[in-house]
Ligand code: SF4
Ligand code: SF4
C-alpha cells in the first residue's frame, strides 16, 4: 500500500483500515511489540488483550491470528459512552479520551468483540484498546503493526481498497482461504478485515456476532422516548385534571351547580 | 401537602405489643411529640447487640471505602474484563433504583389519580425515594472507575447512549425528589408560606417525577438491549424496557407495604389496615401484569423451551418467577389479602423476586457468555450492606426528626397498647 492510496481524490484522508491475512502470519509477534513501543505501554505482553497489550497474536488450529479492536464503522462502544469519551474519527479510527471517561465500563460490557480492557489494579483506571495508530494514520502513514510486519500479513490502507484486495486474494487462491471476509458485514462492518485459512469459529473468532450495527438495538427504544414524554405528559396531566375536578365537585357540590351555562339570550332580541 | 393533610384514614390496628426497637430512637417530650425546633438527642434504648452489629458494619464499611478509593476496584472487587459489571451495578444501582420506585407511583396515585386513602403514607414514601436515590448516587461513586468525572454528563453529550439518558433522568428526578422532600422539612418547621407556594406546583412536579421515572426505570432495561449475543435468552428480550418498568412499579408498591409494616414495629405506631389492603390490591394487579408480559414475551420469542433446559440459568429464572407467582397467588385469596401479616409476607417475596431479577439480568445472565465465574467479593458485599445500613439509619433519623408519622398523632393517635414503654412512661 502506498501512502497516496490513503487519501481520497480531494486530498482528505479516506477511512483507513487493516487487512489481516492469517494465512500469511508466521506468529513472530513483531506487530504486538511495535504496538507497545508506539503507545509506550509498560507491563508484560499478556497472552490475551490487556491494558498492556492492545493487540496479541494467538495460535489456533495451526494458524496465527491477531486480535485487536475491529474499529467498527458504527461502533457500539462509541454509541454507549455517556460522556463521548470514545469517538470515531473521520478517518475511521475509534479513539478514547481518558480525561473525559468516568469509568462506567459500559463500553467494556457492550463491545460485541470483547475488546476494551480495564486497568483494574489502578485506583483510577483507563480503558485500553487499539486506536489504529490514529496519530500516524490521520497523517497518511501506516499503522505501526502493518509497518513492521515482515510477511505483509497485516497491511493498512483505505477500507474500500482493502476489501477489493481481500476479494482478489480469495478469488485467485480459493483453496487457501475460507470464502468469507470477517469484518465485511460483522457488526455492520468494521475497518479491520480478517482472512483465514481455517473456519473462523475454529480460529478463535466469535462468528455469532450480529450482522446489524448494535447501536440500533438501543436507538430503536431511545428514539421513542420524546413521544413517551409528550404523550405521557398530556395523558397524566389530562387525567389528573379530570379526576381532581370531579373530586372538587364532589366535595363542594355548590361549585358544580354554579357552572352550568345559563341559557344565552336569544339572538336578535335586545334587552 | 398542608401540615394537616395526612390524616389517619384507615382503622388503627393494634399489632404485636411492644416490639423491640430496631432503629436508633430519639427522645420525645411528654406529649409524645418531638418538640418544635429542638434537636433530637440520641436515646440509648437500642439493644446493645444491635448497636454492636451496626457499629461493626459501619466501621468495616469505612475501612473498605478507604481501600476502594486508595487501591482501586481490582483490590476490593472480583470484577474482570469478562465481567465488568458486578454486585454494585446489579444491587446498589439497579435494585436501588427499582426499590425506590414507590415514590413516583404513590405520589401519582394520590396527587393525580385521587387515591386519597394513600395520602397518609406520602411523607414516608417521599422520604424513602429520596434516600434511595441518594444512596444510588453514592453507590455509583464506588462503582465508577473515575468518579470525579461524573459531572461530565453535564458538558459532554451523547444522546445515543442509554447511560447518558439514565444519568440525566436520575439527576433531574433527584432534584424533583429533593423539592418534594423539602416539603417535609418545611412542614417540620411550619414554613406555611413556602409550603403554599410549593403546593401550587405539586401537580406539575408529580407529573414530571412520573415521566422521569418512567424513562429511567425502563431505560435501565434498555441498557441490556445492546448485548444480544451475551445475555442469556431467558432474559434478553426486546421487551426489557417494559419489563423493567412494570417490575419497578410492582416492587415500588411492595416496598411501601414492607416499610409501613416494619415502621409500625420500629416506631411503635399503629398500622393502617385500610392502606395496606388498598396497596395489596394494587400490588396484585401490577405483579400479575408483569408476569403476564414475561410469559407473553417468552411465547412470542419462541423461548418457552428454554424454561425446561436443565442449567443454572433456568433455576435462577424459575426462582425469580416463583418469588413473584407465589405472592400473587397468595394475594388472590381474599382472606390472605385481608390479613396484613400475609400481605407483608407477599410484599417481601415480591421485593426479593425483583432483586433476584435484577441480579439475574446484570450478573447471572452473562455468566455463560463471559465464561468467567464472578462471585462478589466480601468487600463488595460489605459495601452494599454498609450503604443499606446507612440508608436505614438515615430513614430512622429522618422519621424522628421530621415527625414523618406524626400526622397520626394529630388524629386518633396510636393505640395506647402500641406505645413503647419508654414513651408511655
Ligand atoms: S471492536 Fe469494540 S472497541 Fe473496537 S470499535 Fe468496535 S465496539 Fe468499539
Ligand atoms: S468506561 Fe469510559 S469510555 Fe467506557 S463507556 Fe464508560 S465513560 Fe465511556
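Residue numbers (this note's numbering), protein chains in the order written: chain A, 2 to 272; chain B, 2 to 426. Backbone N, C-alpha and C fix where the C-beta goes; we use that ideal spot for every residue, glycine too. For clarity, every value in this text was computed on a predicted model and none was experimentally measured.
Compute the Euclidean distance between the alpha carbons of residue 95 of chain A and residue 79 of chain A, then round it to the nearest angstrom.
So the two alpha carbons sit approximately 8 Å from each other.
Please report the residue range of the alpha helix (DSSP H) in which residue 189 of chain B lies.
Unbroken alpha helix (DSSP H) run through residue 189 of chain B: 163–189.
Which residues of the segment 118–148 of chain A have a Cβ closer than 9 Å to any Cβ of chain B? Give them in chain order.
So the close ones are 118, 119, 120, 121, 122, 123, 124, 125, 126, 127 and 128.
Throw me the rounded Cβ distance for the residue 113 of chain A and residue 77 of chain A pair, which I believe falls under 8 Å.
Right, the Cβ-Cβ distance comes to about 6 Å (below 8 Å), so this counts as a contact.
I want to see whether chain A comes within less than 7 Å of residue 123 of chain B, judged by CB atoms only; does it?
So, not an interface residue.
Specify, as a first and last residue, the run of the beta strand (DSSP E) that residue 61 of chain A falls within.
Its beta strand (DSSP E) spans residues 57–61.
State the DSSP-derived secondary structure class of residue 25 of chain B, mapped to helix, strand or coil.
In this prediction, residue 25 of chain B scores a pLDDT of 36, lower than 50, which makes its location untrustworthy; the coordinate-derived value is nonetheless stated afterwards. In this structure, residue 25 of chain B counts as coil in the three-state DSSP scheme.
Indicate whether at least one CB of chain B lies closer than 7 Å to the CB of residue 80 of chain A.
Output row for residue 80 of chain A: interface = yes.
Taking all protein chains shown into account, do 16 or more other C-beta atoms lie within 10 angstroms of the C-beta of residue 2 of chain B, making it buried, or fewer, making it exposed?
Note that residue 2 of chain B scores 40 on pLDDT, short of 50, meaning its location in the model is unreliable and no value can be drawn from it.
Quick one: is the Cβ of residue 125 of chain B within less than 6 Å of any heavy atom of ligand 2?
It does not: the Cβ of residue 125 of chain B is nowhere closer than 6 Å to a heavy atom of ligand 2.
Please classify residue 38 of chain B as buried or exposed, where buried requires at least 16 other C-beta atoms within 10 Å of its C-beta.
The predicted position of residue 38 of chain B is uncertain, since its pLDDT is 39 and thus under 50; no value can be drawn from it.
Whole angstroms are fine: how far does the CA of residue 271 of chain B sit from the CA of residue 33 of chain B?
Confidence at residue 33 of chain B is low in this model, with a pLDDT of 43, below 50, so its placement is unreliable and the value that follows should be read with caution. Between residue 33 of chain B and residue 271 of chain B, the C-alpha separation is close to 14 Å.
Just verifying my parser: in three-state terms, what is the DSSP assignment at residue 73 of chain A?
Residue 73 of chain A falls in the strand class under three-state DSSP.
Which chain A residues are close to residue 427 of chain B, counting only those with a beta carbon under 8 Å from its beta carbon?
Because chain B in this structure spans residues 2 to 426, residue 427 of chain B falls outside the shown range and cannot be described.
What do you reckon, are the CB atoms on residue 177 of chain A and residue 198 of chain A nearer than 7 Å?
Yes.
Output, in chain order, the set of chain B residues within a Cβ distance shorter than 7 Å of residue 222 of chain A.
Ordered by position in chain B, the residues that pass the 7 Å Cβ test against residue 222 of chain A are 223, 226 and 242.
Please determine whether the Cβ atom of residue 130 of chain A lies at a distance below 6 Å from any heavy atom of ligand 1.
Correct: residue 130 of chain A has its Cβ closer than 6 Å to ligand 1.
Classify residue 16 of chain A: buried if its beta carbon has 16 or more other beta carbons within 10 angstroms, exposed otherwise.
Answer is buried; the Cβ neighbour count reaches 16.
Nearest to residue 79 of chain B by CA position, among B/355, B/377, B/208 and B/311, is which residue?
Comparing Cα-Cα distances from residue 79 of chain B to each of B/355, B/377, B/208 and B/311, the minimum goes to B/377.
Which term fits residue 334 of chain B, buried or exposed, when burial requires 16 or more other beta carbons within 10 angstroms of its beta carbon?
Exposed.
Please give me, in chain order, every unbroken run of the alpha helix (DSSP H) with length at least 4 that falls completely inside the segment 97–140 of chain A.
Runs of the alpha helix (DSSP H) inside the segment 97–140 of chain A: 107–111 and 135–138.
Does the segment 219–226 of chain B come within contact of the segment 205–222 of chain A, defined as at least 3 CB pairs closer than 8 Å?
Yes, since at least three Cβ pairs between the segment 219–226 of chain B and the segment 205–222 of chain A fall closer than 8 Å, the two stretches touch.
Measuring from the CB of residue 198 of chain B, is there a heavy atom of ligand 2 at a distance below 6 Å?
No - ligand 2 has no heavy atom lying nearer than 6 Å to the Cβ of residue 198 of chain B.
From B/162, B/99 and B/291, pick the residue whose C-alpha is nearest to that of residue 224 of chain A; which is it?
For residue 224 of chain A, the nearest C-alpha among the options comes from B/162.
Does residue 236 of chain B come within less than 7 Å of chain A when only Cβ atoms are used?
Judged by the 7 Å Cβ criterion, residue 236 of chain B is not in contact with chain A.
Closer than 6 Å by C-beta to residue 160 of chain A: which residues in its own chain qualify, once you throw out the five before and the five after it? Chain order, please.
The residues are 16, 18 and 192.
State buried or exposed for residue 255 of chain A, treating a residue as buried only when at least 16 other CB atoms are found within 10 Å of its CB.
So residue 255 of chain A counts as exposed.
Can you tell me whether residue 157 of chain A is buried or exposed? The criterion is at least 16 other CB atoms within 10 Å of its CB, across all chains shown.
The residue in question, residue 157 of chain A, is buried, as its Cβ has 16 or more Cβ neighbours within 10 Å.
Scan the segment 204–257 of chain A and note each continuous beta strand (DSSP E) run of 3 residues or more that stays entirely inside, going in chain order.
With a minimum length of 3 residues, no continuous beta strand (DSSP E) run stays inside the segment 204–257 of chain A.
Any idea if residue 365 of chain B is buried or exposed, counting beta-carbon neighbours within 10 angstroms, 16 or more meaning buried?
With 16 or more other Cβ atoms within 10 Å, it is buried.
Looking only at its chain, what residues have a beta carbon closer than 6 Å to the beta carbon of residue 201 of chain A, apart from the 5 residues adjacent to it on each side?
Once the five neighbours on either side are set aside, the close Cβ partners of residue 201 of chain A are 183 and 208.
Are the segment 335–349 of chain B and the segment 202–221 of chain B in contact at 8 Å, needing three or more beta carbon pairs?
Contact fails: fewer than three Cβ-Cβ distances are below 8 Å.
Is residue 278 of chain B helix, strand or coil by DSSP?
Note: residue 278 of chain B maps to helix in three-state DSSP.
In chain A, what lies closer than 7 Å to residue 1 of chain B by C-beta?
No answer is possible for residue 1 of chain B: the residues shown for chain B start at 2 and end at 426.
Tell me which residues of the segment 171–203 of chain B have at least one Cβ-Cβ distance to chain A shorter than 9 Å, keeping chain order.
Residues passing the 9 Å Cβ filter: none.
How long is the line joining the alpha carbons of residue 348 of chain B and residue 260 of chain B, rounded to whole angstroms?
Approximately 10 Å, taken between the alpha carbons.
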